[in-house]
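Step one of this worksheet: look at the structure below.
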Amino acid sequence: MSVLTPARTSGQSARSRDNFSAWANRHRKWLFAAPAMIFVGLLIVFPLAWTLYLSLTDSQGSVRAASDFVGFENYLTVLTDTERFWPAVGRTVSFTLVALVCEVVLGMCIALLLWRPFRGEKWVRVAILLPLVATPVAVGMMWRLIFDPNIGFANQLLGLVGIPPQPWLSGQDSALPTTIFMDVWQWTPMVVLILLAGLTSLSEEPDEAARMDGANAFQRFFFVTLPLMMPTVIVAILLRGIDALKTFDILYATKGKGGGSFHEVETLNVYAYGLSFDYNQYGLSSAVLILFFMIIIGSMWLLTMRKKAVSK
Amino acid sequence: MTVLHENTESQTPASQRRGTARRRKPLRSNGYKVFRFAALVAVVLFLIAPLFWMLLASFKTNVDIYDAGKSFLFTPTAENYANVLQRNNYFVFIFNSFWVAFVSTALSLVLGVPAAYAMSRFTMHRSALVVLMARVIPGVSLLVPWYYVFSNLKMVGGFEVLILSHMFVALPLIVYIMMSYFDSLPIELEESAQVDGLTPIGAFRHITLPLSVAGMATAGILAFIFSWNNFMFALVLSGSKTKTLPVAIFDFVSYASIDWGGLMAAATVVTIPIMIIALFTQKYIVSGLTAGATKG
Numbered sequence: 001m002s003v004l005t006p007a008r009t010s011g012q013s014a015r016s017r018d019n020f021s022a023w024a025n026r027h028r029k030w031l032f033a034a035p036a037m038i039f040v041g042l043l044i045v046f047p048l049a050w051t052l053y054l055s056l057t058d059s060q061g062s063v064r065a066a067s068d069f070v071g072f073e074n075y076l077t078v079l080t081d082t083e084r085f086w087p088a089v090g091r092t093v094s095f096t097l098v099a100l101v102c103e104v105v106l107g108m109c110i111a112l113l114l115w116r117p118f119r120g121e122k123w124v125r126v127a128i129l130l131p132l133v134a135t136p137v138a139v140g141m142m143w144r145l146i147f148d149p150n151i152g153f154a155n156q157l158l159g160l161v162g163i164p165p166q167p168w169l170s171g172q173d174s175a176l177p178t179t180i181f182m183d184v185w186q187w188t189p190m191v192v193l194i195l196l197a198g199l200t201s202l203s204e205e206p207d208e209a210a211r212m213d214g215a216n217a218f219q220r221f222f223f224v225t226l227p228l229m230m231p232t233v234i235v236a237i238l239l240r241g242i243d244a245l246k247t248f249d250i251l252y253a254t255k256g257k258g259g260g261s262f263h264e265v266e267t268l269n270v271y272a273y274g275l276s277f278d279y280n281q282y283g284l285s286s287a288v289l290i291l292f293f294m295i296i297i298g299s300m301w302l303l304t305m306r307k308k309a310v311s312k
Numbered sequence: 001m002t003v004l005h006e007n008t009e010s011q012t013p014a015s016q017r018r019g020t021a022r023r024r025k026p027l028r029s030n031g032y033k034v035f036r037f038a039a040l041v042a043v044v045l046f047l048i049a050p051l052f053w054m055l056l057a058s059f060k061t062n063v064d065i066y067d068a069g070k071s072f073l074f075t076p077t078a079e080n081y082a083n084v085l086q087r088n089n090y091f092v093f094i095f096n097s098f099w100v101a102f103v104s105t106a107l108s109l110v111l112g113v114p115a116a117y118a119m120s121r122f123t124m125h126r127s128a129l130v131v132l133m134a135r136v137i138p139g140v141s142l143l144v145p146w147y148y149v150f151s152n153l154k155m156v157g158g159f160e161v162l163i164l165s166h167m168f169v170a171l172p173l174i175v176y177i178m179m180s181y182f183d184s185l186p187i188e189l190e191e192s193a194q195v196d197g198l199t200p201i202g203a204f205r206h207i208t209l210p211l212s213v214a215g216m217a218t219a220g221i222l223a224f225i226f227s228w229n230n231f232m233f234a235l236v237l238s239g240s241k242t243k244t245l246p247v248a249i250f251d252f253v254s255y256a257s258i259d260w261g262g263l264m265a266a267a268t269v270v271t272i273p274i275m276i277i278a279l280f281t282q283k284y285i286v287s288g289l290t291a292g293a294t295k296g
């Protein structure tokens, strides 16, 4: 700026402003990046370090209360806990895997349907956007009414085709699949949008060439389009997977504390939240969270490696 | 010129070949068209019907909700909305949600846009990873320390702490979207502005920022939606005066028996504003959600 407008103020302040401007321009890299990084760093590094510390103590009741250093006892307790911890790990993994598979397969089918332009495209796109932006807690409440065993529309619908009413969310075995269904309803559109962006950026030539060689639609999809789409598919899995592992809102909104009275939908996130804020077992919950964090980082790392291998 | 010429030459036979291929075998048969239409109708129904059901129930009395014969034919009532908005003070929660989302989005843009610019132009991948960490980390692991520190500072229950925690959601999103936006913005424009006498920061302010309005709109709208929808941080950090809509809805069911009509009206009240925003800014939302997804 100062270069453009000749300094009209007194020499000294103009020079110091010039100096500042020169300094700012020289250090703009960190001047720009540092505030955001410091903000995130302060809100992450310190709490993470504290969580790590808490996980090595027997802190409970109140974080302020005196606590003793117990080494890895919490980890030992958690890792040998077959009543709450390991079932929660199982539910987290099955929730994430089943939801991801359904969302990617369904998402790919819908993206292929939308790929080539057609009339009324606008309306379909609106329909795809709505579940995606709906507030998850409200979505949970909506499904609670629809899946209510007595008055819900889901059982009315089943009644029409002669299937007996199902317990859905209130059943011990059916609660988790029902919540997976809700997740699929809300987040398949996200996968569709990502895959559709990938499809539209593909060049037409490989598909064209395969068509001329006489490949049918299925062959062209599995041997031409899908391999080219793999990097995008992995990005979709990565983005969706992180959020699916951490799903909290719909589970807490539909089943409440502890994932229901039999912990039917208690995933690691719900378990850790309950330990922290419903039972104030800070030491234990911190150990669970550190292990959970390691699971997330590990699966992300695996996927990133896979993506690198595919992109080559 | 020669390059262009070569291109057009190689293009012509290709398009001719495509033409003959189409004649020999139609691109899309009628059967496929019918199948596609049916499949699309099914997809739209699957996505819209539950929301429609929620909207219907919000206009029913609780007696009608229990009556399977009145699934679609009933006398609509606005009683639920009057109940939710007046007696349960939802206007306060609507304001809280809006204020927290608006301020946290604005502040995150101020912090995040320059950061994304620096990270894109100086390819600071490791620094970007630090910010993106915030998207990966489970929120619960941050909440206990946050709650402790902020309650010592007497901030729990105030707007500041809610805004800070929602910035934590918005900022990584904005950095992520803006980085891929700046990556796609040609650097030559800034370089020529610098040749014309602007400083690097001046070029950023007068050239790059005005060109990035669309990107910032994308990032800002998405950040606003994510903040509006956020539940867990507000559940722990909000007080009775700063309660946001998702928490207010959650509290709705903790009473003895569920008032379904009221609950559906409350759920509609929280989703309608965000859906209206989404309808008008559809293009931006789609480009934001898919930002960086198609790059290697």
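Here the protein sequences line up with chains A and B, keeping their order.
Counting from 1, position 25 in the first sequence corresponds to residue 25 in UniProt numbering; the numbering is continuous, with no gaps.
Counting from 1, position 70 in the second sequence corresponds to residue 70 in UniProt numbering; the numbering is continuous, with no gaps.
Note that beta-carbon positions come from the ideal geometry of N, C-alpha and C, so glycine has one too.
Around A:Val137, the beta-carbon contacts reaching into chain B at under 9 Å are Asn229, Phe231, Leu245, Pro246, Val247, Ile249, Phe250, Ala267 and Val270.
Short of 7 Å from the beta carbon of A:Met230, and not among the five residues preceding or following it, lie these beta carbons of its own chain, in chain order: Val310.
Membership of A:Leu202 in any alpha helix (DSSP H) is not indicated, and neither H nor E is assigned to it by DSSP.
By the rule that beta-carbons nearer than 9 Å mark a contact, B:Tyr66 touches chain A. For A:Thr247, the three-state secondary structure derived from DSSP is coil. When the Cα atoms are used, A:Ala111 and B:Leu171 turn out to be separated by approximately 29 Å.
Inter-residue distance for A:Ser299 and B:Val130 is about 18 Å (C-alpha atoms, whole angstroms). Contact between the segment 212 to 219 of chain A and the segment 183 to 190 of chain A is absent: fewer than 3 CB-CB pairs across the two stretches fall below 8 Å.
With respect to A:Ala175, A:Val265 sits close: the two C-beta atoms are nearer than 9 Å. Around A:Asn25, the beta-carbon contacts reaching into chain B at under 7 Å are Thr199, Pro200 and Ile201.
Looking at the backbone, the Cα of B:Lys283 and that of A:Gln281 are separated by about 46 Å. Contact note: A:Leu48 reaches chain B through Ile137, Ser141 and Leu142, using a C-beta cutoff of 8 Å and chain order. Put simply, the CB of A:Ala197 is near chain B, with a gap under 9 Å to one of its CB atoms. Along the segment 57 to 90 of chain A, the positions whose C-beta sits under 8 Å from a C-beta of chain B are Val63 and Arg64, read in chain order. Approximately 11 Å separates the beta-carbon atoms of B:Ile285 and B:Ala219; this is outside 8 Å, ruling out the contact. The beta-bridge partner set that DSSP reports for B:Phe93 is empty.
If the five residues before and after B:Phe252 are omitted, its C-beta is found closer than 6 Å to the C-beta atoms of Leu263 and Ala266, all from its own chain and listed in chain order. One alpha carbon belongs to A:Thr200, the other to A:Arg306, and they sit about 23 Å apart. By the CB criterion at 9 Å, A:Ile146 and B:Trp53 fall inside the cutoff. Between B:Leu107 and B:Leu173, the CB-CB gap reaches or exceeds 9 Å. A distance below 6 Å between beta-carbons, with the five flanking residues on each side excluded, links A:Thr247 to no residue of its chain. Residue contact with chain B for A:Val40: present (Cβ-Cβ distance below 9 Å to some residue of chain B).
Using a Cβ distance threshold of 9 Å, A:Leu79 and A:Phe85 count as a contacting pair. Three or more Cβ pairs drawn from the segment 222 to 241 of chain A and the segment 98 to 112 of chain A lie within less than 8 Å of each other, which places the two stretches in contact. Identification of residues in the segment 37 to 65 of chain B having a C-beta nearer than 7 Å to some C-beta of chain A yields Ala39, Leu40, Val43, Val44, Leu47, Ile48, Pro50, Leu51, Trp53, Met54, Ala57 and Ile65, given in sequence order.
Within the segment 43 to 106 of chain B, the complete alpha helix (DSSP H) runs of at least 4 residues fall at 62 to 65 and 79 to 82.
Annotation for B:Ile65: Ala57, Trp260 and Gly261 place their beta carbon closer than 7 Å to its own, counting only its chain and skipping 5 residues before and after.
Per the Cβ contact rule, the segment 138 to 146 of chain B is in contact with the segment 40 to 53 of chain A (3 or more Cβ pairs under 8 Å). In this structure, the CA atom of A:Ile295 is about 33 Å from the CA atom of B:Phe159.
Excluding the 5 residues flanking it on each side, B:Gly139 has same chain C-beta neighbours closer than 7 Å at Met232 and Phe233, in chain order.
With contacts defined as CB atoms closer than 9 Å, B:Val270 and B:Tyr81 fail to qualify as a contacting pair. Counting only Cβ-Cβ distances below 7 Å, B:Met155 has no contacts in chain A at all, with the closest Cβ about 13 Å away. In the DSSP assignment, A:Glu266 falls outside any alpha helix (DSSP H) and carries neither an H nor an E. Sequence-distant partners of B:Phe150 (beyond 5 residues in either direction) whose C-beta falls short of 6 Å from its own C-beta, in its chain, are Val156 and Val161.
According to the DSSP assignment, B:Gln282 belongs to the alpha helix (DSSP H) that extends over Gln282 to Leu289.
In the assembly as shown, A:Trp30 is an exposed residue. Its beta-carbon has fewer than 16 other beta-carbons within 10 Å.
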